[in-house]
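Student: Sharing a structure here in structure tokens format.
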Ligand SMILES: Nc1ncnc2c1ncn2[C@@H]1O[C@H](COP(=O)(O)OP(=O)(O)OP(=O)(O)O)[C@@H](O)[C@H]1O
Ligand SMILES: [Mg+2]
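In the working numbering, the protein residues as written are -11 to 243.
Following this line, the structure appears as structure tokens:
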């Protein structure tokens, strides 16, 4: 069974249709890259999956459980949305760390709040898990640093640790390296590559075409709010079948 099943998602803002009939599935342990030009709807799609936007149509299921169905208002309640969000982790382009908290606090905060609400985990065990995640990101010696004391690449790796701390079923990245200098891009891509090797289920929106092809199992090319082409990542990126995909990728080859 697919870990994620997205069926016929629609999204419009007022009269503007931003996503049309978006359907795809993702298998557990696989990575999916989403490519496409600016304004094609990539961020909106990730925001719909993370319930930061409510889709206007369609449904989203994780491990066979329907989390959202536009046709079923029972799945729309705000109370439920909060817990459903835990199925997804989201890493943003601009890191979005809390500036007033250390790297470690950024990683542990949400889990501590959850433990306070639901009981269970001790502060010590949450902190230990947070330190282990920072170590996994190559940041063991930066735990007590504040975001402004970290490079962009380090901040993004803290953001990845923070997303992993909540043990999401699916980790989503929205252009995780586009705010970084080339030399810092490499360290973040390496971390994501390692996660892919560890079979963390991921969706990666990126403009790094070689990365999208090499790290992902599957790829989707979006244009003007629709999926133009999807399939095996190497096939889509090296041998696209659709003219629009070919035109888009040709721009990257010219550079
Ligand atoms: N809150 C909103 N209200 C109205 N229109 C919006 C809103 N959010 C996004 N849009 C529009 O939806 C379209 C898709 O935007 P989106 O940010 O999803 O594109 P994108 O593929 O992520 O682009 P980029 O590569 O530049 O990040 C754009 O035309 C955008 O202007
Ligand atoms: Mg975007």
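Note that CB positions come from ideal geometry on N, CA and C, so glycine has one too.
(1) When the Cα of residue 92 is compared with those of 50, 63, 142, 65, which residue comes out closest?
(2) Going by Cα to Cα distance, which pick from -6, 162, 219, 182 is closest to residue 196?
(3) Can you tell me where the alpha helix (DSSP H) holding residue 69 begins and where it ends?
(4) Considering only their Cβ atoms, is the gap separating residue 21 from residue 188 smaller than 9 angstroms?
(5) Starting from residue 23, follow the beta strand (DSSP E) in both directions and report where the run begins and ends.
(6) Should residue 210 go down as buried or exposed, given a rule of 16 or more other Cβ atoms within 10 Å for buried?
(7) Is residue 61 buried or exposed, if buried means 16 or more other CB atoms sit within 10 Å of its CB?
(8) When we look at the beta-carbon of residue 198 and count the other beta-carbons within 10 Å, is it buried (16 or more) or exposed?
(9) Measuring straight from C-alpha to C-alpha, what distance separates residue 215 and residue 53?
(10) Would the region 42 to 58 count as touching the region 217 to 233 if we require 3 or more Cβ pairs under 8 angstroms?
(11) If you measure from the CB of residue 210, is any heavy atom of ligand 4 nearer than 8 angstroms?
(12) Kindly provide the chain-ordered list of residues whose Cβ lies closer than 6 angstroms to any non-hydrogen atom of ligand 1.
(13) Looking at residue 193 and ligand 2, is the gap between the Cβ and the nearest heavy atom below 8 angstroms?
(14) Does the beta-carbon of residue 110 have 16 or more other beta-carbons within 10 angstroms, so that it is buried, or is it exposed?
(15) Which value, in whole angstroms, describes the spacing of the CA atoms of residue 37 and residue -6?
(16) Using 8 angstroms as the cut-off, classify the Cβ of residue 163 as near or not near the heavy atoms of ligand 2, replying yes or no.
(17) Please check if any C-beta of chain C sits within less than 9 angstroms of the C-beta of residue -11.
(18) Helix, strand or coil for residue 133 per DSSP?
(19) From the DSSP output, in three-state form, read off residue 150 for me.
Tutor: In short:
(1) 142
(2) 162
(3) 66 to 72
(4) no
(5) 19 to 24
(6) buried
(7) exposed
(8) exposed
(9) 24 angstroms
(10) no
(11) With respect to ligand 4, the structure shown offers nothing to examine, as its ligands consist of ligand 1 and ligand 2.
(12) 1, 4, 6, 24, 26, 27, 28, 29, 30, 31, 32
(13) yes
(14) exposed
(15) 9 angstroms
(16) yes
(17) Protein chain content of the structure displayed is limited to a single chain, and chain C is not contained in it.
(18) coil
(19) helix
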